[in-house]
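**Q** Counting in this note's numbering, the sequence shown runs from 950 upward without gaps.
A virtual CB, placed ideally from N, CA and C, is assigned to each residue, including glycine.
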Amino acid sequence: MLSVAISSWDAAIVLVYFGLMIAWGIWLGRGQRDLSTYLLAGRDLPWWAILGSIVATETSTATFLSVPGIAFAAGGDFRFLQLAFGYIIGRTVVTYFLLPLYFQRNLFTAYEVLEHRFGGITKRAASLLFLVTRNLGDGLRLFLTGIVLEKVAGIDLSVSIVIIGIGTILYTFFGGMKAVIWSDCVQFVVYMIGGVVAGAIMIRSLDGGWTELLAFARENEKLSLFDFRTPMSA
């Protein structure tokens, strides 16, 4: 596997950033006295902050490591974006049918909505399903992040996972939802800028630049977005 070394300055920047995020998250959680403030951030955050937090939450190490691998592999193309189209449809349904219930009944979680509509069994089943899928999915993301730290900083994989896990738990536990949302927004801006800059550098490194990139994509059939074939009937 490829091993990339980073300079002392790079490592210092990452450590300082990580430390500041933890400290800021804990600081944001000061003065929280009730469950509503802790879980709902006082219900007074701007919509754009919540939007940034949602996008950042759904973007992880897998987005930067696994998705490019899927795209570059044989048969990989833009069809992966169909998943995002499904998210848009799902979010629309939630916005119009479930979200109003939060405000009408002053609910805290989606599981309370399920309990009101379908009963306690449905609530507990959904909670269990969420815990299982989140543990599997987030475990993979944490593992991938640990691999990155191991390769670029030389930190043992197990130690990397523990450091990331403890750091995240600290600002999440002490800061509550407000800390989670604002830290997500900062990280969203950081990785978006980093992604744009990295993409620009990679394109400029190609001999033909953007033209060469598009030619390669067309030649290898990487620009397909929809696939209406029915291979099961072939």
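Take the Cβ of Leu-989 as the centre, count every other Cβ of all protein chains shown within 10 Å, and call the residue buried at 16 or more, exposed below.
**A** The residue you call residue 989 lines up with position 40 of the sequence shown. Classification for Leu-989: buried.
**Q** Just the C-alpha distance for Phe-1137 and Tyr-966, rounded to the nearest angstrom, thanks.
**A** In the sequence shown, residue 1137 corresponds to position 188, counting from 1. In the sequence shown, residue 966 corresponds to position 17, counting from 1. Whole-angstrom Cα-Cα distance: 14 Å.
**Q** Compare the Cα-Cα distances from Leu-964 to each of Ser-1109, Leu-1162, Met-1141 and Arg-1028 and report the closest residue.
**A** Translated into positions along the sequence shown, residue 964 becomes position 15. When each option's Cα is compared against that of Leu-964, the closest is Ser-1109.
**Q** Measuring alpha carbon to alpha carbon, tell me which of Thr-1121, Arg-982, Phe-1092 and Trp-1159 ends up nearest Ser-1009.
**A** To locate residue 1009, count along the sequence shown from 1; it is residue 60. Nearest C-alpha to Ser-1009: Phe-1092.
**Q** Could you tell me whether the stretch 1162-1171 touches the stretch 990-1010, where touching means 3 or more Cβ pairs closer than 8 Å?
**A** Flag = no, the stretch 1162-1171 and the stretch 990-1010 do not touch.
**Q** Under the three-state reduction of DSSP, which class applies to Ile-955: helix, strand or coil?
**A** The residue given as residue 955 occupies position 6 in the sequence shown. Looking at Ile-955 - three-state DSSP - the assignment turns out to be coil, as it is neither helix nor strand.
**Q** Got a sec? Which residues, its chain only, sit under 6 Å from Gly-978 by beta carbon, not counting five neighbours each side?
**A** Translated into positions along the sequence shown, residue 978 becomes position 29. Closer than 6 Å at Cβ, skipping near neighbours: Phe-1123, Gly-1124, Gly-1125 and Ala-1128.
**Q** Got a sec? Which residues, its chain only, sit under 6 Å from Gly-1095 by beta carbon, not counting five neighbours each side?
**A** Position 146 of the sequence shown holds residue 1095. So the list reads Leu-1106, Ser-1109 and Ile-1110, once near-sequence residues are dropped.
**Q** Enumerate in chain order the residues of its own chain whose CB-to-CB distance from Ile-1019 is below 8 Å, with the five nearest sequence positions on each side excluded.
**A** Position 70 of the sequence shown holds residue 1019. Taken in chain order, the residues that qualify are Gly-1025 and Phe-1029.
**Q** Report all residues from its chain with a CB closer than 8 Å to the CB of Trp-1159; omit the five preceding and five following residues, and keep chain order.
**A** In the sequence shown, counting from the first residue as 1, residue 1159 sits at position 210. Ile-1152.
**Q** Fully enclosed by the stretch 1048-1100, which alpha helix (DSSP H) runs are 4 residues long or longer?
**A** The qualifying runs are 1048-1054 and 1059-1067.
**Q** Could you give the first and the last residue of the continuous alpha helix (DSSP H) run that contains Lys-1171?
**A** Position 222 of the sequence shown, counted from the start, is the residue given in the question as residue 1171. Lys-1171 -> no alpha helix (DSSP H), and no H or E assigned at all.
**Q** Compare the C-alpha of Ser-1076 against each of Gly-1086, Gly-1088 and Glu-1061 and name the closest.
**A** Taking the first residue of the sequence shown as position 1, residue 1076 is located at position 127. Out of Gly-1086, Gly-1088 and Glu-1061, Glu-1061 has the C-alpha closest to the C-alpha of Ser-1076.
**Q** Closer than 6 Å by C-beta to Leu-1050: which residues in its own chain qualify, once you throw out the five before and the five after it? Chain order, please.
**A** For this step, residue 1050 is matched to residue 101 along the sequence shown. Same-chain partners within the cutoff: Val-1062.
**Q** Considering Phe-1137, what are the terminal residues of the alpha helix (DSSP H) in which it resides?
**A** As a position in the sequence shown, residue 1137 is number 188, starting the count at 1. Run containing Phe-1137: 1106-1154, per the alpha helix (DSSP H) assignment.
**Q** Exposed or buried, what is Asp-1133 when buried is set at 16 or more other beta-carbons lying within 10 Å of its beta-carbon?
**A** The residue given as residue 1133 occupies position 184 in the sequence shown. Asp-1133 should be labelled buried.
**Q** In the DSSP assignment, find the unbroken alpha helix (DSSP H) run with Ser-1002 in it and report its ends.
**A** To locate residue 1002, count along the sequence shown from 1; it is residue 53. Per DSSP, Ser-1002 belongs to the alpha helix (DSSP H) from 996-1006.
**Q** I think Gly-1116 touches Ile-971, with their Cβ atoms under 8 Å apart; what is that distance to the nearest whole Å?
**A** The sequence position of residue 1116 within the sequence shown is 167, counting from 1. The sequence position of residue 971 within the sequence shown is 22, counting from 1. Right, their Cβ atoms sit about 5 Å apart.
**Q** First and last residue of the alpha helix (DSSP H) that includes Ala-1011?
**A** Residue mapping note: residue 1011 aligns to position 62 of the sequence shown, counting from 1. Per DSSP, Ala-1011 belongs to the alpha helix (DSSP H) from 1010-1021.
**Q** Tell me which residue opens and which closes the alpha helix (DSSP H) that Leu-984 is part of.
**A** As a position in the sequence shown, residue 984 is number 35, starting the count at 1. Unbroken alpha helix (DSSP H) run through Leu-984: 984-989.
**Q** Under a three-way DSSP split, which group does Arg-1040 fall into?
**A** To locate residue 1040, count along the sequence shown from 1; it is residue 91. Helix.
**Q** Can you tell me whether DSSP reads Phe-1046 as helix, strand or coil?
**A** What you label residue 1046 is simply residue 97 of the sequence shown in a count that begins at 1. Phe-1046: helix per DSSP, three-state reduction.
**Q** Please classify Ile-1130: is it buried, with 16 or more other beta-carbons within 10 angstroms of its beta-carbon, or exposed?
**A** Locating residue 1130 in the sequence shown gives position 181, counting from the first residue. Buried, by the Cβ-count rule.
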